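In this note's numbering, the protein residues as written are 3 to 132.
Using N, Cα and C, we set each Cβ at its ideal position, and we do this for glycine too.
In this text the structure is predicted, and so the values were computed from the model without any measurement.
The next block holds one structure in the form of structure tokens; read it before the comments.
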Amino acid sequence: METFRQRQGLRNIINAIDGTHIPIILPANDEWNAYVNRKGWHSIVFQCIVDGHGNFCNVYGGLPGSVHDSRVFRKSQIGQDLINGMARFPPNCVLIGDLGYSSRLPILVPARNPQDEEGAHFDNIHSSTR
3 METFRQRQGL
13 RNIINAIDGT
23 HIPIILPAND
33 EWNAYVNRKG
43 WHSIVFQCIV
53 DGHGNFCNVY
63 GGLPGSVHDS
73 RVFRKSQIGQ
83 DLINGMARFP
93 PNCVLIGDLG
103 YSSRLPILVP
113 ARNPQDEEGA
123 HFDNIHSSTR
């Protein structure tokens, strides 16, 4: 938590969550198109949670590249725990993530279309923290 606060002044952030794609060679099966991600190349998608030093705390994945980050999250154990209110974080603490995650969960996401300078500033700090 202290690392995130020191870096950008954001308090109560325990870890960062995001999805990433690992390139793969074209699968030799009939389901190859499921591995084409939104950028047009073949991949396997993973969800990673890292601490303020960039150390991996949790990794879930191995799903075809066409699977959206939000679906990977819902299928992961941490996602299920957060959705069902079973995740145990220190009081008032949250993960930091992008707009692919729900703001109804203990995940701090950027503002959607900030309407003022303060919101734009927050989004800038938010994105540089992740």
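S78 burial status per 10 Å Cβ neighbour count (16 or more: buried): buried
Residue interval of the alpha helix (DSSP H) (run including F91): Run containing F91: none; DSSP gives neither H nor E here.
First and last residue of the uninterrupted alpha helix (DSSP H) at I27: Run containing I27: none; DSSP gives neither H nor E here.
Sequence ranges, alpha helix (DSSP H) only - wholly within the region 40–122, length at least 4: 71–77 and 79–85
Own chain partners of G81 with C-beta closer than 6 Å, once the 5 adjacent residues on each side are dropped: F75
Own chain partners of S45 with C-beta closer than 7 Å, once the 5 adjacent residues on each side are dropped: H23, I24, P25, I26, Y37, N39 and G67
Within-8 Å CB hit, I80 to chain C: The question asks about chain C, but that chain is absent: this structure has only one protein chain.
CB-CB length for I19 against I109, believed under 8 Å: 7 Å
Helix, strand or coil at N35 [DSSP, three-state]: helix
Beta-carbon proximity of R114 to L101, cut-off 8 Å: yes
Cβ neighbours of L84 in the same chain (closer than 6 Å, five flanking residues each side left out): L107
Simplified DSSP state of N14, which is helix, strand or coil: coil
Same chain, Cβ closer than 7 Å to C50, five either side skipped, listed in chain order: D20, T22, F58 and V61
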